[in-house]
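Mapping of the sequence shown onto our numbering: residues 3 to 297, in sequence order. Here is the structure we will look at.
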Amino acid sequence: MPSSVSLLGLGSMGSALARALIAAGIRPTLWNRSPARGAPFASSANLADSIVDAVERSDLVISCLINYAATRSSLDRPEVIEALKGKTLVQLATGLPADATELAEWAGRHGIRYLDGRICCFPATIGRPDAVIYYGGDTATFETHVGTLVALAGKSIYAGENVTNPTMLDCAFLSYCFAAPMAMLHGAAICEAAGLDPDLFFAALPSFSADVNRRSVSFREAIRARDFANVQSALQTDLAGARMWLTCSSELGVDPAFAQALLDVMKVPVDEGKGALDTAYLFQTFRGAKGRLPS
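Shown next, in the form of structure tokens:
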């Protein structure tokens, strides 16, 4: 564990990171563009007067500003660069692969050790054993600081030396993160349109989601082996269910766009003659022509 940690940025996520560090027994140094954000932490953290002050105080500097542009504009100044030299910068803002590559190259040019991270959870989950943050960069640098990083997320996962890997994993997380809540809201809309209390749906949701998430085991095995013949649920069966879902919800007056989009995706492999295979074959559809198995 480093002798000291500085955290740049105290928005909702940055504040959650600060609380997690403090809960782990670390007294971090905090800096935010608006100093008032630091007031709630005055008794449990060191509040820096400037970003230079924050960087000078610590061996490990964690940046959680709004984006890479804000990070770069805050750090790319001679006095800050000088203070960062020989230290480790962990970048946790969201951005594109090119942003991670550019900032890593900038850090390398200035003698700054660098890890690029992606937070794959919400602020309320930060600090918990099941919180996930992916990291990419130098292996030794990650191993040096993992004892501190696990305070932020129990599942602090090293994704390899390529600093763009966390971005790719974050993109995969967002597929689930966006689609699952949309499905919840669509289901609630069906209930209300049918004159039912959506609470009847939400109360059972933990059981539904646990059953659905168990599919990840067979999906993973099928994708790894590229073998989709071990059928848990056939594509043609699920497509028939999706057609019923679309018809029923549309007749209730629920916007059909969400259901229609999913049905359209499911039709592709069925129309290709793959309907008897497991639904896991949709992985090949998402991969596109380059990922398809020969007929």
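From the three backbone atoms N, C-alpha and C, an ideal C-beta is built for every residue, glycine too. Predicted, not measured: the structure shown is a model, and the values here were computed from it.
Pick from 271, 152, 169: whose alpha carbon is nearest that of residue 99? Counting from 1 along the sequence shown, the entry for residue 99 is found at position 97. When each option's Cα is compared against that of residue 99, the closest is 169.
Check residue 192 in the structure and name its three-state DSSP category. For the purposes of this step, residue 192 is taken as residue 190 along the sequence shown, with counting starting at 1. Of the three classes helix, strand and coil, the one that applies to residue 192 here is helix, per DSSP.
Since I believe residue 106 is in contact with residue 165 (beta carbons under 8 angstroms), could you give me their beta-carbon distance rounded to a whole number of angstroms? For the purposes of this step, residue 165 is identified with residue 163 of the sequence shown, where counting begins at 1. For the purposes of this step, residue 106 is identified with residue 104 of the sequence shown, where counting begins at 1. Right, their Cβ atoms sit about 4 angstroms apart.
Between which two residues does the beta strand (DSSP E) harbouring residue 32 extend? The count along the sequence shown starts at 1 and reaches residue 32 at position 30. From DSSP, the beta strand (DSSP E) with residue 32 extends over 31 to 33.
Ends of the alpha helix (DSSP H) at residue 1? Residue 1 lies beyond the range of the chain shown here (3 to 297); nothing can be said about it.
State the Cα-Cα distance for the pair residue 147 and residue 62, rounded to the nearest angstrom. Within the sequence shown, the letter at position 145 stands for residue 147. Within the sequence shown, the letter at position 60 stands for residue 62. Going from the Cα of residue 147 to the Cα of residue 62 covers about 8 angstroms.
Quick one: what's got a C-beta closer than 6 angstroms to residue 60's C-beta in the same chain, skipping five residues either side? Within the sequence shown, residue 60 is the residue found at index 58, counting from 1. Cβ neighbours of residue 60 beyond the five flanking positions: 6, 7, 8, 31.
Report yes if the CB atom of residue 138 is closer than 7 angstroms to the CB atom of residue 66, and no otherwise. Taking the first residue of the sequence shown as position 1, residue 138 is located at position 136. Taking the first residue of the sequence shown as position 1, residue 66 is located at position 64. No, they are not a contact pair.
To the nearest whole angstrom, what separates the beta carbons of residue 244 and residue 265, a pair I think is in contact under 8 angstroms? Counted from its first residue, the sequence shown places residue 244 at position 242. Counted from its first residue, the sequence shown places residue 265 at position 263. Correct: roughly 5 angstroms between the Cβ atoms.
Candidates 54, 36, 25, 35, of which the one nearest residue 47 by Cα: Counting from 1 along the sequence shown, the entry for residue 47 is found at position 45. Closest option to residue 47, Cα to Cα, is 25.
Taking only the alpha-carbon atoms, compute the straight-line gap between residue 101 and residue 77 and give it to the nearest angstrom. As a working note, residue 101 is residue 99 in the sequence shown. As a working note, residue 77 is residue 75 in the sequence shown. In a straight line, the C-alpha of residue 101 is about 14 angstroms away from that of residue 77.
Just to confirm my understanding: we take residue 15, look at its own chain, exclude 5 residues before and 5 after, and list those with CB closer than 6 angstroms. What are they? As a first step, residue 15 must be located in the sequence shown, where it is residue number 13. Taken in chain order, the residues that qualify are 66, 125.
CA-CA distance, residue 110 and residue 45? As a first step, residue 110 is located in the sequence shown; it is residue number 108 there, counting from the start. As a first step, residue 45 is located in the sequence shown; it is residue number 43 there, counting from the start. Using only the alpha carbons, I get a separation of about 35 angstroms.
Secondary structure of residue 139, DSSP reduced to three states: Numbered from its first residue, the sequence shown carries residue 139 at position 137. Strand.
Counted within 10 angstroms of its Cβ, other Cβ atoms place residue 246 as buried (16 or more) or exposed: Walking along the sequence shown from the start, residue 246 turns up at place 244. Classification of residue 246: exposed, given that the 10 Å Cβ count is below 16.
In three-state DSSP terms, what is residue 236? Within the sequence shown, residue 236 is the residue found at index 234, counting from 1. Three-state DSSP puts residue 236 in a strand.
Using a Cβ-Cβ cut-off of 8 angstroms (strictly less than) and excluding sequence neighbours within five positions of residue 128, which residues of its own chain qualify? Position 126 of the sequence shown, counted from the start, is the residue given in the question as residue 128. Here the set comprises 15, 18, 19, 21, 22, 121, 154, 155.
Distance, residue 184 Cα to residue 175 Cα: Within the sequence shown, the letter at position 173 stands for residue 175. Within the sequence shown, the letter at position 182 stands for residue 184. Residue 175 and residue 184: Cα-Cα distance of roughly 14 angstroms.
Looking only at its chain, what residues have a beta carbon closer than 6 angstroms to the beta carbon of residue 238, apart from the 5 residues adjacent to it on each side? On the sequence shown, position 236 is the one that residue 238 refers to. These residues qualify, in order along the chain: 272, 277.
Does residue 199 pass the burial test, meaning 16 or more other C-beta atoms within 10 Å, or should it be called exposed? In the sequence shown, counting from the first residue as 1, residue 199 sits at position 197. It counts as exposed.
Measuring alpha carbon to alpha carbon, tell me which of 222, 194, 187 ends up nearest residue 207. In the sequence shown, the residue the question calls residue 207 occupies position 205. The residue with the shortest Cα to Cα distance from residue 207 is 187.
Under three-state DSSP, which class holds residue 121? Numbered from its first residue, the sequence shown carries residue 121 at position 119. Residue 121 falls in the strand class under three-state DSSP.
Excluding the 5 residues preceding and the 5 following residue 235 in the sequence, name in chain order all residues of the same chain whose CB lies nearer than 6 angstroms to its CB. Indexing the sequence shown from 1 puts residue 235 at position 233. 281.
Considering only the beta carbon of each residue, do residue 190 and residue 210 sit closer than 7 angstroms? For the purposes of this step, residue 190 is taken as the residue at position 188 of the sequence shown. For the purposes of this step, residue 210 is taken as the residue at position 208 of the sequence shown. No, these two residues do not count as a Cβ contact at 7 angstroms.
Considering only C-alpha positions, which residue in the set 28, 289, 157, 64 is nearest to residue 132? For the purposes of this step, residue 132 is taken as residue 130 along the sequence shown, with counting starting at 1. The shortest C-alpha separation from residue 132 is found at 157.
Measuring only the C-alpha atoms, how far is residue 222 from residue 43? Here the question's residue 222 lines up with position 220 in the sequence shown. Here the question's residue 43 lines up with position 41 in the sequence shown. C-alpha separation (whole angstroms): 43 angstroms.
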